[in-house]
Structures are given as structure tokens and as C-alpha cells.
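Q: Before we start, here is the structure in question, set down as C-alpha cells.
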Amino acid sequence: MIDLTYLNDRFEHLQQASADDGIAAVRKNSFDSFNKTGLPTFRTEDWKYTSISNLFDETYAPAGHTLTLADLDALRMPGHHKANELVFVNGRFDAALSSILSTDEEMTVLPLKDAAKGKYKDLVARYLNKSSEYMKDGVHALNGAFIEEGVFVHIHNGKTPQHQLYVYHILDGRNHPIMAQPRGLIHVDENSKLQLTETYTTLGSSDSFCNGVLEVVVEQNAYVEYYKIQNDVSNASQVSTTHITQIGRSYVHTVTITLNGGVVRNNMNLVLDAAGNETHLYGLYLLKGKTHADNHTMIDNKQPNCFSNQLYKGIADDFSTAVFNGKITVQPDAQKTNSFQSNKNILLSDNATINTKPQLEIFADDVKCSHGCTVGQLDEEALFYLRARGIPKEKAEVLLLQAYAADILIHIKPMAIRAYVEKLIYEHLSIV
Numbered sequence: 170m171i172d173l174t175y176l177n178d179r180f181e182h183l184q185q186a187s188a189d190d191g192i193a194a195v196r197k198n199s200f201d202s203f204n205k206t207g208l209p210t211f212r213t214e215d216w217k218y219t220s221i222s223n224l225f226d227e228t229y230a231p232a233g234h235t236l237t238l239a240d241l242d243a244l245r246m247p248g249h250h251k252a253n254e255l256v257f258v259n260g261r262f263d264a265a266l267s268s269i270l271s272t273d274e275e276m277t278v279l280p281l282k283d284a285a286k287g288k289y290k291d292l293v294a295r296y297l298n299k300s301s302e303y304m305k306d307g308v309h310a311l312n313g314a315f316i317e318e319g320v321f322v323h324i325h326n327g328k329t330p331q332h333q334l335y336v337y338h339i340l341d342g343r344n345h346p347i348m349a350q351p352r353g354l355i356h357v358d359e360n361s362k363l364q365l366t367e368t369y370t371t372l373g374s375s376d377s378f379c380n381g382v383l384e385v386v387v388e389q390n391a392y393v394e395y396y397k398i399q400n401d402v403s404n405a406s407q408v409s410t411t412h413i414t415q416i417g418r419s420y421v422h423t424v425t426i427t428l429n430g431g432v433v434r435n436n437m438n439l440v441l442d443a444a445g446n447e448t449h450l451y452g453l454y455l456l457k458g459k460t461h462a463d464n465h466t467m468i469d470n471k472q473p474n475c476f477s478n479q480l481y482k483g484i485a486d487d488f489s490t491a492v493f494n495g496k497i498t499v500q501p502d503a504q505k506t507n508s509f510q511s512n513k514n515i516l517l518s519d520n521a522t523i524n525t526k527p528q529l530e531i532f533a534d535d536v537k538c539s540h541g542c543t544v545g546q547l548d549e550e551a552l553f554y555l556r557a558r559g560i561p562k563e564k565a566e567v568l569l570l571q572a573y574a575a576d577i578l579i580h581i582k583p584m585a586i587r588a589y590v591e592k593l594i595y596e597h598l599s600i601v
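Residue numbers (the numbering used here): 170 to 601.
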């Protein structure tokens, strides 16, 4: 049971300690929203297939940690020596463990509280917590109420940083259960480009819960690639919200990969708020054990002549559960919108569950939109074909599943990251 007294005490302490950091009003409004809304339940339509109440039964320890650079070395992504690295430990941005290779002319990285008071205060005031206009649940509000040691990134006008950006979310559960609530705001200025990858890792055997929110603002003629890779341990749960707003005609490309974890909920929101925006969303979830992965996508078409395309594919084995809920909204002014969505799933076990729910809400009359979903099993004819050529059944199944996943993997553009994910999937499928 969630301890409201504990949360109230922590909130009051945080507000008193950070009263002048420029974020206090956001925290106050968010905490009021949390107290009003509470945690989502099965009666909450967007959460009808996913329960997180048990995650609040745990007694979580304070966010302190003893992580060292040596610990971090074991968790780094391939190509890290050529990448900018932002490290969050237990939900807090750790500048000492992070490294920025790009020049000050290309990008600026600041603690969120410094950005909120300095040169970027207008940007922070305008865009921080804009996601709350779409995310009305108490989990999102809880993150906003406890914004602490977040990070602000600004990609400067006309710049393409030569080094991609890696964001590591590390939870140190070596001694105690840990709850983390990382927060980030990224502003991609006009005519600039960002390539961003987020990963999640829990150290130790204690339970962990990561409730993170990342907001990205994309200006005119900007280009954003975003990759999320989730391959944590079975007692690591998370609610991860990525809220991207395209306020100028721009291009956004996202890929979400979910392999292992406890209860995993991904909110991927795209707000197309300029004429001519283009957006591509891809997702792959390969689940086994008792992993529960819930992918919610939301595309809000607000302006005309926008294009979006979604393809999410899933495989559920053992006692795992997969959920996909994709919602496309076309506002009255969004004429000439083209928006397409597809969700395909393979069920490998009688004990696994897949729930899929595509949604369209169209308020304009000159649009092209479609959605569809399938749930099936491995192609028996293809399996027979491979076995007839002497390939053992288990190997043949892995080959088919790899081919199935390849439709998503080809959309991971950095070759080092694609190779890394392919390796993870091979290891994952080899023991399915």
C-alpha cells in the first residue's frame, strides 16, 4: 500500500530545500494532481491491462548510491568512447559520471534546476511538464511532483553534434529496493539534429521501480532519432514516458526494444503541432518468463499535411503478457493527414497473453488513416520447410523469430546499436 504520509513528508522536504530552483510550481501542481487522481487501477481505461499498485507495496530506500566509474564501464553501450554520455543513478543526473564530448557550440547540458533559473529559463518554463496535458494519471504526476536532479539538453541552432547521445538509467539495488524518478527536457533547435539512445539497468538483486519522464521539443527543420532499449532483470519494473512535441516542420524516428523486465509500461507520445511534420514509430517486444510489457502510443495530429507511420511487433512466450494500445487523433485543422498504424503479434505459449487495442479518433474529413492488429502463431508451413531441410525444430523456430524481428531492427540506424540489439535478441531467443 502506498504510504501517503511518507510521500507528503518527502514532498514538503523537497519543496523547502528547493523553493527557489524555478521548478517548485511544477512540483506543487503535480503533487496536487497526484493527490486528486491517485494511482491508476484496472478501472482506468488506459491502464485496464496493467497493474502497478503492487510496486508501491515496497519500502524503497533513499536514492543515495556508491556507483563507481568501474561499475559504469561494465554497462556502457558499444561506441561509448565516441558518444556523449548522460548518467542517471537512482533517478538523479550524475554529472561526475557523465561525459560530454561535443563542443559548447554544438550542445549545452545543464542540471534542470540551473536551466530553469538561467539563460534557458523561458524554454524550461514553456515546455517543462507539457506532457501533463496528455498524461492525466497519477504516476506521471508523481514524477512531476518529485523532479529533483533532472537534466536539460539544448542542441543549438543549425548544429549536428558529431557524437550521439547515450542516456543510462542505472538503479543501484545492491543493498535495498530502489525507486527512481528521472526527469529530462531536451530542446532541439532549428536545423539541428539529435541521435539519442536510452538504456535501463538495475544492479543487485533488490526490487527496483523506475518512473521516468523525458520531454523532447523539436523545432523547424530539425531531425531526431530516438532509441529505447529495455533489457533489465525480472524484478526491475518501470513506467517510461517519452513525450515528443514537433513545433516546427520536422522529422522524428523512434524505435523501442523491450526484452526483459518485471512490469514495463512505455508511453510514447508524439504531438504533431506544425504543418508537414513526419514521424515514424517502431517497436519490438520479445517477452518470456513473467515479464509484462505494455506499450501505449499516442499521436496527436494538430496541423495539416502531416505523416506518421507505426509498426509494433511482439512475441510472447511462457507466462508473459504483452499489451499494445495505439491511439491516433486527427484534430479538425489537421486536413490532408496521412497516419498509419500496425501491430502484429506471435503467441508462443498457451499461458502467455496478448492484448492489442488500436484506436482512431478523426475530426477532419480529408485524411488517410488506417490501423490494424494481428495475433497468431509461427508459420507452420515455413517451419515445415526449414525442418524438411534438416534444421532442428528449435533452431528453425529461432530463425523464424529472428526474421520476424528483423522488420523492426532494420530501423535502428546506428550500426553499432543495431548490432548490439541483434546480439541481445540472439541471446534471448536462443534460450526461449
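Even for Gly, the Cβ is constructed at its ideal location relative to N, Cα and C.
Note that this is a predicted model, so its numbers are computed, not measured.
#1: Along the chain, where does the beta strand (DSSP E) that runs through residue 482 open and close?
#2: Using a Cβ-Cβ cut-off of 6 Å (strictly less than) and excluding sequence neighbours within five positions of residue 524, which residues of its own chain qualify?
#3: At the level of alpha carbons, what is the spacing between residue 350 and residue 301?
#4: Residues in its own chain within less than 6 Å of residue 589 by CB, not counting five upstream and five downstream?
#5: What did DSSP end up calling residue 373 once you bin it into helix, strand or coil?
#6: Report the rounded CA-to-CA distance for residue 464 versus residue 189, giving the unit in angstroms.
#7: Who are the near neighbours of residue 560 in its chain, counting only those whose CB is closer than 8 Å to its CB and skipping five residues on each side?
#8: Could you tell me the distance, in whole angstroms, from the CA atom of residue 224 to the CA atom of residue 243?
#9: Suppose you measure from the CA of residue 601 to the CA of residue 486; what does that come to, to the nearest Å?
#10: Examine the Cβ distances between the region 322-341 and the region 352-369 and report whether three or more of them are shorter than 8 Å.
#11: Give every residue of the same chain whose Cβ lies closer than 6 Å to the Cβ of residue 426, excluding the five residues on either side of it in the sequence, and list them in chain order.
#12: Return the residue from the list 530, 278, 384 and 447 that minimises the CA-CA distance to residue 496.
#13: Around the C-beta of residue 173, are 16 or more other C-beta atoms found within 10 angstroms, so that it is buried, or is it exposed?
#14: Going by C-alpha distance, which of 537, 428, 337 and 546 is nearest residue 474?
#15: Which ranges does the beta strand (DSSP E) cover as unbroken runs of at least 3 residues, wholly within the region 433-475, from first to last along the chain?
#16: What three-state label does DSSP hand residue 165 in the structure shown?
#17: Measuring CB to CB, does residue 572 end up less than 8 Å from residue 594?
#18: How would you label residue 309, buried or exposed, when you count the other beta carbons within 10 angstroms and need 16 or more for buried?
#19: For the candidate residues 238, 252 and 311, whose alpha-carbon lies nearest to that of residue 195?
#20: Between residue 339 and residue 258, is the Cβ-Cβ spacing less than 8 Å?
#21: Based on the DSSP output, what are the partners of residue 334 in its beta bridges?
#22: Secondary structure at residue 179, three-state DSSP: helix, strand or coil?
#23: Using beta-carbon positions only, say whether residue 333 and residue 583 come within less than 8 Å of one another.
#24: Identify, in the order they occur along the chain, each residue of the same chain with its Cβ nearer than 8 Å to the Cβ of residue 387, setting aside the five sequence neighbours on each side.
#25: I want to know whether the region 278-297 touches the region 191-208 - three or more CB-CB distances under 8 Å.
#26: Is residue 305 helix, strand or coil by DSSP?
#27: Note the first and the last residue of the continuous beta strand (DSSP E) segment covering residue 204.
#28: Do residue 436 and residue 411 have their beta-carbon atoms positioned less than 8 Å apart in this structure?
#29: Which of the three DSSP states, helix, strand or coil, is assigned to residue 567?
#30: In the DSSP assignment, the alpha helix (DSSP H) including residue 530 goes from what residue to what residue?
#31: Can you check which of these residues, 369, 213, 368 and 445, is closest to residue 389 by C-alpha distance?
#32: From the DSSP output, in three-state form, read off residue 222 for me.
A: The relevant details are as follows:
#1: Counting from 1 along the sequence shown, the entry for residue 482 is found at position 313. Here the beta strand (DSSP E) through residue 482 covers 476-485.
#2: Against the sequence shown, residue 524 aligns to sequence position 355. Around residue 524: 218 and 492.
#3: Here the question's residue 350 lines up with position 181 in the sequence shown. Here the question's residue 301 lines up with position 132 in the sequence shown. Distance between the alpha carbons of residue 350 and residue 301 is about 15 Å.
#4: Within the sequence shown, numbered from 1, the residue matching residue 589 stands at position 420. Counting only Cβ-Cβ distances below 6 Å, and skipping sequence neighbours, we find 247.
#5: Along the sequence shown, read from residue 1 onward, the residue named residue 373 stands at position 204. Residue 373: coil per DSSP, three-state reduction.
#6: Reading the sequence shown from its first residue, position 295 is the one you call residue 464. Reading the sequence shown from its first residue, position 20 is the one you call residue 189. The alpha-carbon atoms of residue 464 and residue 189 are separated by roughly 37 Å.
#7: Along the sequence shown, one-based indexing puts residue 560 at 391. Here the set comprises 568.
#8: In the sequence shown, counting from the first residue as 1, residue 224 sits at position 55. In the sequence shown, counting from the first residue as 1, residue 243 sits at position 74. Each residue's CA atom was taken as its position, placing residue 224 and residue 243 some 28 Å apart.
#9: Taking the first residue of the sequence shown as 1, we reach residue 601 at position 432. Taking the first residue of the sequence shown as 1, we reach residue 486 at position 317. Residue placement at residue 601 cannot be trusted, given a pLDDT of 46 that sits under 50; what the coordinates show is reported in the next sentence. Rounded to the nearest angstrom, the two C-alpha atoms are 8 Å apart.
#10: Yes, the region 322-341 touches the region 352-369.
#11: Translated into positions along the sequence shown, residue 426 becomes position 257. Answer for residue 426: 398, 453 and 590, listed in chain order.
#12: For the purposes of this step, residue 496 is taken as the residue at position 327 of the sequence shown. With distances taken between Cα atoms, residue 496 lies closest to 530.
#13: Here residue 173 is taken as the residue at index 4 of the sequence shown, counted from 1. It is exposed - the Cβ of residue 173 has fewer than 16 other Cβ atoms within 10 Å.
#14: For the purposes of this step, residue 474 is taken as residue 305 along the sequence shown, with counting starting at 1. When only C-alpha atoms are compared, the closest one is 537.
#15: Within the region 433-475, the complete beta strand (DSSP E) runs of at least 3 residues are 447-456 and 461-470.
#16: Lying outside 170 to 601, the shown extent of the chain, residue 165 is not represented and no answer is given.
#17: Here the question's residue 572 lines up with position 403 in the sequence shown. Here the question's residue 594 lines up with position 425 in the sequence shown. No, Cβ-Cβ distance for residue 572 and residue 594 is not below 8 Å.
#18: Taking the first residue of the sequence shown as 1, we reach residue 309 at position 140. In summary, residue 309 is buried, with 16 or more beta-carbon neighbours lying within 10 Å of its beta-carbon over all protein chains present.
#19: Along the sequence shown, one-based indexing puts residue 195 at 26. Each of 238, 252 and 311 was checked against the Cα of residue 195, and the nearest Cα belongs to 311.
#20: Numbered from 1 along the sequence shown, position 170 holds the residue referred to as residue 339. Numbered from 1 along the sequence shown, position 89 holds the residue referred to as residue 258. For residue 339 and residue 258, yes; Cβs fall inside 8 Å.
#21: Working through the sequence shown from its first residue, we reach residue 334 at position 165. The partner list for residue 334 (beta bridge, DSSP) reads 253 and 365.
#22: Translated into positions along the sequence shown, residue 179 becomes position 10. It is helical.
#23: In the sequence shown, the residue the question calls residue 333 occupies position 164. In the sequence shown, the residue the question calls residue 583 occupies position 414. Yes, they are a contact pair.
#24: Here the question's residue 387 lines up with position 218 in the sequence shown. Excluding sequence neighbours, residue 387 sits near 357, 393, 413, 414, 415, 416, 417, 419 and 421.
#25: Short answer: they touch.
#26: For the purposes of this step, residue 305 is taken as the residue at position 136 of the sequence shown. When secondary structure is reduced to three states using DSSP, residue 305 falls in the coil class, being assigned neither helix nor strand.
#27: Start at 1 with the first residue of the sequence shown, and residue 204 comes out as number 35. That residue, residue 204, is in no beta strand (DSSP E); its alpha helix (DSSP H) goes 193-206.
#28: Residue numbering aside, residue 411 sits at position 242 when the sequence shown is read from its first letter. Residue numbering aside, residue 436 sits at position 267 when the sequence shown is read from its first letter. In this structure, residue 411 places its C-beta atom within 8 Å of the C-beta atom of residue 436.
#29: As a first step, residue 567 is located in the sequence shown; it is residue number 398 there, counting from the start. DSSP places residue 567 in helix when its eight states are reduced to three.
#30: Here residue 530 is taken as the residue at index 361 of the sequence shown, counted from 1. Residue 530 -> not in any alpha helix (DSSP H); beta strand (DSSP E) instead, spanning 522-531.
#31: By one-based count along the sequence shown, residue 389 stands at place 220. Ranking the options by Cα distance to residue 389, first place goes to 445.
#32: Numbered from its first residue, the sequence shown carries residue 222 at position 53. Three-state result, residue 222: helix.
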